[in-house]
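Report on the following structure.
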Amino acid sequence: MTRRATAVTALVALLGVMLALPGTIGPSRAGASDDDLGCPDQLVEHDLPNGASWRLCARIHPVQGLRLESVEFRPATGNREYTGYRRVLDALHLAQLNVPYDDGVTVYDDITDYGFGGDHLVTQNADTCLGQTRPVTYVTSLTAPPSVKTVAGICLDEVATGLAFHSREWGTDAGPRFAGQGTALEISSLSKVSWYEYQQKITLDDQGGIDIGLGATGDVAPGNAPGVFFTEQPATGWELGPTVDGHHYYATSHWHSAIYRVDFGIDAGAEQRVEQWDYAAGGTAANPTLLGTATTKTNAFVASPSGEHARLTWWRVLNADSLNRDGHARSYEIVNDNPVDIARPVTRVQVAFTNAAACQQYASYNLDPGCPDQDILDYVAGDTAPLTDPVAWVNVGFHHVDRDEDQSPMHTHWQHFQLLPRDFFAQGPATPDARSCINGPGLIDSSSLPCIATNTTAPKVSASTSTIAAGTELSATPGTWNESRTTWDFDYLWFRDGEPITGVDDDGVPTAATGPTYVVGPEDVGRSLTVKVTASRPGYVSATAESAAVQVPGPTPTAQPTAEPTHQHDHDHAVPAATVIEAAAVTRTRAGRRGRLVVHVTSLAGVPTGRVLVHVRGKRVVGRLVAGRAVLRLPVLQQPGRYRMRISYPGSATLAPSQRVVMVRVLRR
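For the sequence shown, the numbering used here begins at 267 and goes up steadily by one.
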């Protein structure tokens with residue numbers, strides 16, 4: 267095509283200038299923090315209604331158009347799966363759009379011939395973007411000399427995705443029913459190339475899935491070039507409009523082969539691998555089976571599935587060193603059921619995999635001077651290294667046969683593929699608490715809340731003597747709890763007039779009154795005593811129930827007034843000031859390893875000093891406070907699960923003791 271040389275020259279001339287501008291694809295800034303991913307001006311971090319969140323860099327590249335980098339996901343279920351963000355993709359962008367017409371006269375490569383950024387980027391407004399817009403700065407060649415221009419080029423919107431899940435256990439509506447509506451973060455841009463206008467749209471949902479779509483709208487190309495777009499050849503087109511002077515005019519059909527470059531980064535792993543699954547028939551005619559076979563691809567390759575079940579072949583990229591809590595390797599699967607244009611070697615490829623290389627940015631007619639004019643087949647042929655840093659080249663084909671309804675403006679037609687988590691989580695990342703224990707074999711029972719500890723009869727307190735007095739032993743039973751799926755472990759905490767009862771151990775450390783028994787003391791006379799029972803089990807949601815109150819007969823002790831200090835030295839006898847323990851989240855806690863805990867102790871009366879003590883599963887560790895902060899190494903816990911951990915501060919002459927109970931989750935090795 268004669269236009270190609272001119273278009274490429276113009277793009278390359280502007281590319282160097284545009285890369286240096288904010289809002290374009292320039293290199294990440296050295297030394298950037300984890301919070302901004304190295305792209306503070308293009309950072310997108312969005313919390314969805316169910317608690318899931320996506321974090322990424324969104325840019326407009328002058329040639330590729332919309333480009334995402336450092337794409338990371340945080341599930342709504344938090345500690346049940348993992349806390350914080352995990353990397354999914356290093357980069358994602360459209361690498362070519364090949365548009366050949368069926369009559370063989372015209373072929374376009376819209377990305378490398380024109381580009382989707384720069385002057386082809388359409389400014390967003392309230393009609394095209396229902397959410398928020400982001401500014402994009404680029405160099406425009408429409409002025410002489412070229413000048414810098416800033417437009418609203420990216421649209422960010424939160425959209426509904428419909429029914430996310432539904433489960434009705436019984437055959438009637440009388441039983442448990444779980445349903446949830448989904449939402450997603452939608453990132454899009456709009457570009458005009460000749461008569462077509464393209465929306466690049468990437469939808470990131472609250473389940474961790476990514477939908478990548480290209481929508482074509484605009485107008486059917488006019489018939490001002492006889493024999494090019496409108497012909498009298500019904501075999502290569504579709505008749506549009508009325509017959510004119512006895513002639514029937516057919517808009518020429520054509521392909522839109524959108525080839526995406528997907529640079530995987532599963533959990534930011536140093537080494538990843540590609541797995542291909544193929545299927546073949548087995549069994550007998552009476553009892554047919556379908557047999558799947560996995561093949562780990564060790565080198566760059568062009569996928570060439572064959573046989574009658576070739577359309578069932580699929581691929582995933584996994585990180586063998588990143589395991590979900592079931593011990594399965596985290597991965598993402600490519601879902602692409604679109605046809606391909608078999609007329610050309612590059613578009614005949616449904617998917618290809620290579621190692622990430624900086625100069626390989628386009629599927630064909632590569633513009634980078636490091637590997638000029640190369641295509642996917644060249645990349646695969648020249649890549650002899652082990653396939654450990656995979657990039658997928660995904661071909662999403664659409665054969666457009668025009669119709670009367672396409673005439674101005676053309677209704678948007680879409681071509682999509684998906685990237686879906688496969689074992690990235692042990693369960694669905696938005697699984698409700700009531701289904702959190704449904705993992706692996708076993709039937710879902712008929713209990714209304716099988717995964718949540720549910721108290722049906724309150725705990726009960728009985729006394730060792732007919733009249734309760736100092737020295738009487740109180741005994742607690744846990745009450746009745748649902749046990750259709752599991753048996754519960756019970757923890758007991760005693761209360762006096764609604765406040766936890768505390769004492770002091772042999773080391774002078776404040777301790778809580780725990781366990782199923784409690785001996786009434788003189789300080790309990792005239793007071794009301796209760797016990798709270800917490801039912802828990804690893805993998806289940808715990809709950810707490812409280813007993814009815816037991817009244818200890820006798821006069822209520824009267825608080826003695828505190829004398830006002832009359833001399834400067836009387837402050838030595840003042841009531842100690844209250845303290846508060848703030849426990850940070852435990853990190854890197856796995857079975858058989860020592861976790862790390864950071865504890866802060868604060869008080870309005872000054873900075874606490876001394877030590878803090880941590881008790882868990884009968885083990886104790888001591889940490890020294892420095893400026894109110896202590897860092898402790900937790901005891902080794904061999905079994906995965908949830909453990910109750912008690913943190914204590916003994917206090918000082920001026921600061922009161924305090925304690926706090928937190929739950930620690932120990933993951934599999």
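A virtual CB, placed ideally from N, CA and C, is assigned to each residue, including glycine.
Computed from a predicted structure; not experimentally measured.
I believe residue i touches residue j by the beta-carbon criterion, under 8 angstroms. Please report the beta-carbon distance rounded to the nearest angstrom.
| i | j | result |
| --- | --- | --- |
| valine 365 | histidine 514 | With a Cβ gap of about 24 angstroms, valine 365 and histidine 514 do not count as contacting. |
| valine 456 | glutamine 390 | It should be pointed out that residue 456 corresponds to leucine in this sequence rather than to valine. Confirmed, about 7 angstroms. |
| asparagine 565 | leucine 643 | Their Cβ separation, rounded to whole angstroms, is 15 angstroms, which puts asparagine 565 and leucine 643 out of contact at 8 angstroms. |
| valine 799 | isoleucine 734 | No, valine 799 and isoleucine 734 are not in contact; Cβ-Cβ is about 20 angstroms, not under 8 angstroms. |
| tyrosine 526 | valine 662 | 7 angstroms |
| serine 750 | threonine 738 | 37 angstroms between Cβ atoms; not a contact. |
| valine 786 | valine 818 | 6 angstroms |
| tyrosine 936 | arginine 321 | With the chain represented from 267 up to 935, any question about residue 936 goes unanswered, as that position is not in the structure. |
| arginine 540 | tryptophan 581 | For clarity, residue 540 is valine in the given sequence; the question names arginine instead. Their Cβ separation, rounded to whole angstroms, is 6 angstroms, which keeps valine 540 and tryptophan 581 in contact under 8 angstroms. |
Taking 8 angstroms as the threshold (C-beta atoms), are residue j and residue i in contact?
| i | j | result |
| --- | --- | --- |
| glutamine 499 | aspartate 369 | yes |
| proline 788 | alanine 736 | yes |
| asparagine 705 | alanine 809 | no |
| alanine 586 | arginine 353 | no |
| glycine 503 | threonine 518 | yes |
| glycine 792 | glycine 820 | yes |
| serine 741 | threonine 783 | yes |
| alanine 450 | aspartate 485 | no |
| threonine 382 | leucine 355 | According to the sequence shown, residue 382 is phenylalanine rather than threonine. It is not a contact, given that the beta carbons lie outside the stated cut-off. |
| isoleucine 532 | valine 601 | no |
| alanine 778 | tryptophan 747 | no |
| glycine 479 | glutamine 681 | yes |
| valine 878 | glycine 889 | yes |
| alanine 871 | glutamine 905 | no |
| valine 405 | valine 417 | no |
| alanine 801 | tryptophan 760 | no |
| glutamine 447 | glycine 475 | no |
If we ignore side chains and look at the alpha-carbon of each, how far apart do residue i and residue j end up?
| i | j | result |
| --- | --- | --- |
| glycine 636 | aspartate 649 | 14 angstroms |
| serine 728 | isoleucine 913 | 30 angstroms |
| glycine 384 | alanine 651 | 36 angstroms |
| methionine 929 | glycine 593 | 23 angstroms |
| glutamate 671 | proline 306 | 44 angstroms |
| threonine 697 | phenylalanine 691 | 11 angstroms |
| leucine 795 | lysine 726 | 12 angstroms |
| glutamate 529 | glutamine 627 | Residue identity check: residue 529 is aspartate in the sequence provided, not glutamate. Distance between the alpha carbons of aspartate 529 and glutamine 627 is about 10 angstroms. |
| leucine 363 | glutamate 347 | 38 angstroms |
| serine 563 | leucine 556 | The amino acid occupying residue 563 in the given sequence is lysine; serine does not appear at that position. Straight-line Cα distance between these residues: approximately 22 angstroms. |
| proline 401 | threonine 561 | 45 angstroms |
| glutamate 463 | threonine 409 | 23 angstroms |
| arginine 591 | glycine 344 | 13 angstroms |
| leucine 314 | tyrosine 645 | 39 angstroms |
| glutamate 599 | glutamine 542 | 10 angstroms |
| glycine 512 | proline 488 | 19 angstroms |
| glutamine 693 | serine 702 | 8 angstroms |
| leucine 933 | valine 927 | 19 angstroms |
| serine 924 | isoleucine 847 | 7 angstroms |
| arginine 762 | arginine 883 | 25 angstroms |
| glutamate 505 | glycine 317 | 51 angstroms |
| tyrosine 545 | phenylalanine 567 | 19 angstroms |
Which residue's Cα is closest to the Cα of residue i: the options?
| i | options | result |
| --- | --- | --- |
| threonine 394 | Tyr367, Glu848, Pro488 and Leu422 | Leu422 |
| glutamine 466 | Thr920, Thr678, Lys885 and Gly889 | Thr678 |
| threonine 399 | His881, Ala450 and Gly419 | Gly419 |
| aspartate 477 | Leu759, Gln684 and Arg877 | Gln684 |
| phenylalanine 431 | Arg443, Gly781 and Arg321 | Arg443 |
| tyrosine 367 | Phe664, Val786 and Gly474 | Phe664 |
| glycine 907 | Arg803, Asp757, Trp320 and Trp436 | Arg803 |
| proline 916 | Ser597, Val867, Gln904 and Ile608 | Val867 |
| glutamate 452 | Arg886, Gly437 and Leu470 | Leu470 |
| threonine 613 | Tyr545, Arg321 and Trp659 | Trp659 |
| threonine 920 | Thr845, Val667 and Leu891 | Thr845 |
| tyrosine 374 | His520, Gly317 and Ile468 | His520 |
| serine 918 | Val932, Ala629 and Leu891 | Leu891 |
| proline 675 | Ala647, Ala482 and Gly769 | Ala482 |
| serine 597 | Leu686, Ser407 and Ala811 | Leu686 |
| lysine 458 | Asp376, Thr372 and Thr723 | Asp376 |
| histidine 386 | Leu429, Asp439, Pro707 and Trp461 | Trp461 |
| aspartate 689 | Ser407, Ala595 and Pro776 | Ala595 |
| leucine 332 | Pro341, Thr349, Val388 and Phe339 | Val388 |
Closest Cβ-Cβ distance between residue i and chain D: below 8 angstroms?
| i | result |
| --- | --- |
| aspartate 529 | You won't find chain D in this structure, because it holds only one protein chain. |
Quiz item: Are there three or more Cβ pairs, one per stretch, closer than 8 angstroms when the stretch 899 to 906 is compared with the stretch 855 to 864?
Solution: Yes: at least three Cβ pairs fall under 8 angstroms.
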